[in-house]
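Q: Quick one: the structure is below, and I'll ask about it shortly.
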Amino acid sequence: MTGKYSLLFFALLFTMVNVQGQQTSWTLQQCLQRALDYNISIKQSALNNEINQVNIDQSSAAMFPSLNGSASQNYYNGKSIDPTTNNFTLQEVQSSAFSLSTSVSIFEGFQLQNSLKQSKLNYLSSKNDLQKIKDDVSLNVINFFLQILYNQELLVITRSQLDASKVQRDRTKRMNELGSISKSSYLDLESQYATDELRLIQAQAQYDQSILSLTQLLELDSVQNFTISAPEIIVPEPNAEQFNTNNIYAKALTTQPIIKSSEYKVLSSEKSLAIAKGSYYPRIFASGSVNTNYSSAGQTIVGYNQGTPLSTLTGYTASGEDVYTVTPNISPIIQDIPFNDQLDNNLGKSVGVTLQVPIFNGFTARSNVKRAQLNYQITQLNHEANKKALFKSVQQAVIDATSSYKKYVAGQRSVEALDESFKFNERSLELGGISTFDYLLSKNNYAKAQADFLQAKYDYIFRVKIIDFYEGKPLTF
Numbered sequence: 017m018t019g020k021y022s023l024l025f026f027a028l029l030f031t032m033v034n035v036q037g038q039q040t041s042w043t044l045q046q047c048l049q050r051a052l053d054y055n056i057s058i059k060q061s062a063l064n065n066e067i068n069q070v071n072i073d074q075s076s077a078a079m080f081p082s083l084n085g086s087a088s089q090n091y092y093n094g095k096s097i098d099p100t101t102n103n104f105t106l107q108e109v110q111s112s113a114f115s116l117s118t119s120v121s122i123f124e125g126f127q128l129q130n131s132l133k134q135s136k137l138n139y140l141s142s143k144n145d146l147q148k149i150k151d152d153v154s155l156n157v158i159n160f161f162l163q164i165l166y167n168q169e170l171l172v173i174t175r176s177q178l179d180a181s182k183v184q185r186d187r188t189k190r191m192n193e194l195g196s197i198s199k200s201s202y203l204d205l206e207s208q209y210a211t212d213e214l215r216l217i218q219a220q221a222q223y224d225q226s227i228l229s230l231t232q233l234l235e236l237d238s239v240q241n242f243t244i245s246a247p248e249i250i251v252p253e254p255n256a257e258q259f260n261t262n263n264i265y266a267k268a269l270t271t272q273p274i275i276k277s278s279e280y281k282v283l284s285s286e287k288s289l290a291i292a293k294g295s296y297y298p299r300i301f302a303s304g305s306v307n308t309n310y311s312s313a314g315q316t317i318v319g320y321n322q323g324t325p326l327s328t329l330t331g332y333t334a335s336g337e338d339v340y341t342v343t344p345n346i347s348p349i350i351q352d353i354p355f356n357d358q359l360d361n362n363l364g365k366s367v368g369v370t371l372q373v374p375i376f377n378g379f380t381a382r383s384n385v386k387r388a389q390l391n392y393q394i395t396q397l398n399h400e401a402n403k404k405a406l407f408k409s410v411q412q413a414v415i416d417a418t419s420s421y422k423k424y425v426a427g428q429r430s431v432e433a434l435d436e437s438f439k440f441n442e443r444s445l446e447l448g449g450i451s452t453f454d455y456l457l458s459k460n461n462y463a464k465a466q467a468d469f470l471q472a473k474y475d476y477i478f479r480v481k482i483i484d485f486y487e488g489k490p491l492t493f
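Here our numbering runs 16 ahead of the position in the sequence shown, where the first position is 1.
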């Protein structure tokens, strides 16, 4: 039984190691989603967007009445003033005070309303700033993804060239040993084999670097076992409508977040100007308050004690008889006023309206208006600059796409022609019809044409994706 469990344990361990060692292929969509979820700049911009949402909530709440409450507890010893009667007292007094106050703005030059509108515009602007960062990250992901695809195909071509060189090198080596060809012809092919080995090393380094670039953009900790799943890419043929600069620009004006963001910034600065001008207007506030208090010295008379009247000799009559004045013997019954009764008895209320008219404030309002006007002009110029920059970018994108397509078509024809030429020269070399120099020239020309065509192909695909981006199309294959 022990042996069986040990065997089962090692089998399970081997399976776990094997699964961990398997490569995980990432699709383009997975790469895009990973980059959008983990990019630091995107997270920072998202937090800034949340701050603007908080500002909207604050601006909305500012339009509601304010309500404040207060409570205080005080102790007095020695000669002091009873806060409920304002009379001097020598006893120890404990007092409590409570109040509620509220105020509401009736008119303030529409500053609160414009502040709320400005907060909403700032939120929309920051939302588009966030989208701009997401778009930039997505374009970088696609660029690095295509670089990996390019380097993968380049590796295949380079290995194929190395294999072809090895076949010819081995063949000429045997022929040289038999004395059929000169040693220099053999050494030429040996040198070509070494050159192709170097090219393979360089191609592998380029591939490794492109893998590293993408994994770093995806915020992955390691490049180990990272591979991509190559999508089916159809190289599109351009048409006049697709590569029309004016049409692309017209669409870009409605889709590009940088244009929307700067447009919202213009509207926001316009509201800022309206807020500044609101300082010229009078302000009207309504306020009200309720307050009450309690004192341990608070007392009241609840009755009287009736004693024996006091008779006091105050004079004599004309006949000499005593005259007495009778004074009632009454003493008040004093009782502490209960806490709740004092709160009810001392309850006070007030309601008021305040009119505040700006007369002179050191030109603060005028300076704020002037600054707001200048800032409004700056945001307008920034918006125009963004539109001009966008138009130039679209122009450049169309030129780049058109040029790369021409290179792609020319490269395709070149590869097809040189492929036939190389195959013919390869057969001729084996039959002794051409020199090794002519063969190597044909081989290197073919290899260069393949690399150039591959570069033109993926460059054109990326340029088309940039145009798709300006038109607001999904960044997928």
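A virtual CB, placed ideally from N, CA and C, is assigned to each residue, including glycine.
#1: Is it a yes or a no for the stretch 298 to 313 touching the stretch 354 to 373, going by three-plus beta-carbon pairs under 8 Å?
#2: Exposed or buried, Gly314, counting other C-beta atoms within 10 Å across all chains shown (16 or more means buried)?
#3: Once DSSP output is grouped into helix, strand and coil, what is the label at Leu236?
#4: Report buried or exposed for Asn138, applying the criterion of at least 16 other Cβ atoms within 10 angstroms of its Cβ.
#5: By DSSP, does Ser366 sit in helix, in strand, or in coil?
#6: Looking at the unbroken beta strand (DSSP E) that takes in Ile477, where does it start and where does it end?
#7: Excluding the 5 residues preceding and the 5 following Ile349 in the sequence, name in chain order all residues of the same chain whose CB lies nearer than 8 Å to its CB.
#8: If you compare alpha carbons, which of Tyr280, Asp145 and Asn84 is closest to Ser115?
#9: Would you call Met17 buried or exposed, if buried means 16 or more other Cβ atoms sit within 10 Å of its Cβ?
#10: In the DSSP assignment, the alpha helix (DSSP H) including Asn345 goes from what residue to what residue?
#11: Would you mind working out which of Glu193, Gln411, Tyr297 and Asp484 sits nearest Val385, comparing C-alpha positions?
#12: Answer yes or no: do Ser75 and Leu132 have a C-beta to C-beta separation smaller than 8 Å?
#13: So, are the CB atoms of Ser383 and Gly125 less than 8 Å apart?
#14: What three-state label does DSSP hand Phe242 in the structure shown?
#15: Under 8 Å: do the stretch 459 to 478 and the stretch 220 to 230 share three or more Cβ pairs, one atom per stretch?
#16: Measuring CB to CB, does Lys459 end up less than 8 Å from Pro273?
#17: Rounding to the nearest angstrom, what Cα-Cα distance links Gln168 and Ala180 in this structure?
#18: Could you tell me the alpha carbon to alpha carbon distance between Glu235 and Ala292, rounded to whole angstroms?
#19: At what residues does the beta strand (DSSP E) containing Phe114 begin and finish?
#20: Please say whether Asp151 and Phe493 have beta carbons closer to each other than 8 Å?
#21: Taking buried to mean at least 16 other C-beta atoms within 10 Å of its own C-beta, is Val339 buried or exposed?
#22: Which class does Val251 belong to by DSSP, given the choice of helix, strand or coil?
#23: Expressed to the nearest angstrom, what Euclidean distance is found between the alpha-carbon atoms of Phe301 and Asn156?
#24: Please look up how many angstroms separate the CB atoms of Pro81 and Ser119, rounded, as I've assumed it's under 8 Å.
#25: Just verifying my parser: in three-state terms, what is the DSSP assignment at Ser76?
#26: Beta carbon of Asn68, beta carbon of Ser112: below 8 Å?
#27: Out of curiosity, what's the CA-to-CA distance linking Ser163 and Phe469?
#28: In its own chain, which residues sit with a C-beta less than 7 Å from the C-beta of Glu286, not counting the 5 before and 5 after it?
#29: Quick check on Asn398: does DSSP put it in helix, strand or coil?
#30: Which value, in whole angstroms, describes the spacing of the CA atoms of Thr324 and Thr343?
#31: Out of curiosity, what's the CA-to-CA distance linking Thr271 and Leu406?
#32: Could you check what DSSP says for Leu326 in three-state terms: helix, strand or coil?
#33: Between Ser245 and the rest of its own chain, which residues show a CB-CB distance below 7 Å, the 5 nearest in sequence each way excluded?
#34: Can you give the Cα-Cα distance for Lys473 and Glu248, rounded to whole angstroms?
#35: Excluding five sequence neighbours on each side, which residues of the same chain lie with their C-beta closer than 6 Å to the C-beta of Gln232?
#36: Quick one: what's Gln315 bridged to in DSSP?
A: Per the coordinate set shown:
#1: Taking one beta carbon from each stretch, the stretch 298 to 313 and the stretch 354 to 373 have 3 or more pairs nearer than 8 Å; the two touch.
#2: buried
#3: coil
#4: With 16 or more Cβ atoms within 10 Å of its Cβ, Asn138 is classed as buried.
#5: strand
#6: Premise fails: Ile477 lies in the alpha helix (DSSP H), Thr452 to Tyr486, not in any beta strand (DSSP E).
#7: Ile317, Val318, Gly319, Tyr320 and Asn321
#8: Asn84
#9: Its pLDDT being 42, under 50, Met17 is placed unreliably by the model, and the measurement read from it follows with that caveat. When all chains shown are included, Met17 counts as exposed.
#10: For Asn345, there is no enclosing alpha helix (DSSP H); the residue is part of the beta strand (DSSP E) that begins and ends at Asp338 to Asp352.
#11: Tyr297
#12: yes
#13: no
#14: strand
#15: The stretch 459 to 478 is not in contact with the stretch 220 to 230.
#16: In this structure, Pro273 does not lie closer than 8 Å to Lys459 by Cβ.
#17: 19 Å
#18: 45 Å
#19: Val109 to Phe123
#20: no
#21: Val339 should be labelled exposed.
#22: coil
#23: 55 Å
#24: Separation of the CB atoms of Pro81 and Ser119 is rounded to 7 Å, and the pair is thereby assigned contact status at 8 Å.
#25: Here Ser76 sits in helix by DSSP.
#26: no
#27: Looking at the sequence provided, one finds Gln at residue 163 rather than Ser. Their backbone Cα atoms lie some 14 Å apart in a straight line.
#28: Tyr392
#29: helix
#30: Approximately 9 Å, taken between the alpha carbons.
#31: 11 Å
#32: strand
#33: Ser41, Trp42 and Thr43
#34: For Lys473 and Glu248, the gap between their C-alpha atoms comes out near 14 Å.
#35: Within the same chain, Gln232 has no close Cβ partners at all.
#36: Asp352
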